[in-house]
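Here is the structure we will look at.
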Amino acid sequence: MQQLHYIIYNIPQGEYVLIMSHYPILTVTGTWEGGQHKDHIVLKDLFYKHRDKVKGCLSGHQHLLDRAWYNDVYYFCNGAMSGFWWGEGDKHSAKPFYYQETPLGYAILKFYDDGSFENEYIVRHY
Numbered sequence: 071m072q073q074l075h076y077i078i079y080n081i082p083q084g085e086y087v088l089i090m091s092h093y094p095i096l097t098v099t100g101t102w103e104g105g106q107h108k109d110h111i112v113l114k115d116l117f118y119k120h121r122d123k124v125k126g127c128l129s130g131h132q133h134l135l136d137r138a139w140y141n142d143v144y145y146f147c148n149g150a151m152s153g154f155w156w157g158e159g160d161k162h163s164a165k166p167f168y169y170q171e172t173p174l175g176y177a178i179l180k181f182y183d184d185g186s187f188e189n190e191y192i193v194r195h196y
């Protein structure tokens with residue numbers, strides 16, 4: 071955690087950072103699938119302290135598509151290209167190859183000079 075604090079602290083004013091983590095830091099779906107970082111409160115506090123620099127967080131692990139916005143930081147879990155781990159799904163899959171209600175897919179991000187960005191989820195159709 072000290073290293074992350076050091077890196078964010080040393081980002082020059084007017085520059086921005088997007089945090090990437092396998093496990094979600096903040097997630098809508100974590101209560102029923104996969105959980106989230108155990109140190110999410112420490113991370114939330116760090117991001118708030120550097121809210122002029124930290125603009126978003128990307129994660130996976132859940133294989134579910136969700137997004138949250140808290141303290142001007144966007145948190146995205148962007149599904150998975152493997153969907154239901156390349157399988158056809160199970161009784162919880164909304165459709166074949168879905169993981170629960172999330173179709174397999176990937177995200178394309180567009181970044182802008184003012185620190186804003188877009189996160190577009192592209193559904194992969196069989």
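For the sequence shown, the tail end lands on 196 under the working numbering, and the numbers increase by one without skipping.
Glycine included, each C-beta is placed from N, C-alpha and C at the ideal position.
Contact check for N148 against L128 passes: the beta carbons are separated by less than 8 Å.
Taking C-beta atoms under 8 Å as the contact rule, L116 and H75 qualify, at a distance of about 6 Å. Between Q132 and E171, the gap from beta carbon to beta carbon reaches 8 Å or more. Rounded to whole angstroms, the Cβ separation of N189 and F146 is 5 Å, and the two are in contact under 8 Å. Exposed is the label assigned to A164, since fewer than 16 other Cβ atoms lie within 10 Å of its Cβ.
G126 is positioned such that its CB atom lies no closer than 8 Å to that of F167. The three-state reading of DSSP puts V98 in coil, since its state is none of H, G, I, E or B. For I78, the enclosing alpha helix (DSSP H) covers residues Q72 to Y79. Residue pairing from DSSP places K180 in a beta bridge opposite E188. Taking 8 Å as the cut-off, the Cβ atoms of A138 and T97 count as close.
Residue P82 holds the alpha-carbon nearest to the alpha-carbon of G185 among P82, I77, Q72 and Q73. A Cβ-Cβ distance of about 23 Å is found for the pair Y86 and Q106, leaving them out of contact under the 8 Å criterion.
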